[in-house]
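Asks: In the working numbering, the protein residues as written are 56 to 143. I am attaching a structure below and will ask some questions about it afterwards.
What follows is the structure, given as structure tokens:
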């Protein structure tokens, strides 16, 4: 017995986790830029934000590779190919 709604729900959850990680990475990058160019330049704050960004990027990369290796994520083409035509 298969549960397609469970598969769809887990796909949505994985997508949300990936999007949340990307938003957090962009937030850390923006924070670093603001610390570099803002009115009160703070190199320590910039370094801390960039450290967070690198850590989040590495974590996301490892999660994606683990997801591909375990089969939770399945790579696919951007545009699905046409079905093969069988000759008779």
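Note that the Cβ used here is the ideal one computed from N, Cα and C, for glycine as well.
(1) Since residue 76 and residue 91 are thought to touch, with beta carbons under 8 Å apart, how far apart are those beta carbons, to the nearest angstrom?
(2) May I ask which residues mark the beginning and end of the alpha helix (DSSP H) holding residue 96?
(3) Using C-beta distances below 8 Å, list every residue in its chain close to residue 112, excluding the 5 sequence neighbours before and after it, in chain order.
Replies: If we stick to the structure as given:
(1) Here residue 76 is taken as the residue at index 21 of the chain shown, counted from 1. Here residue 91 is taken as the residue at index 36 of the chain shown, counted from 1. The pair is not a contact, with the Cβ atoms about 23 Å apart (cut-off 8 Å).
(2) Reading the chain shown from its first residue, position 41 is the one you call residue 96. For residue 96, no alpha helix (DSSP H) run applies, since DSSP gives it neither H nor E.
(3) Residue 112 sits at position 57 when you count from the first residue of the chain shown. 80, listed in sequence order.
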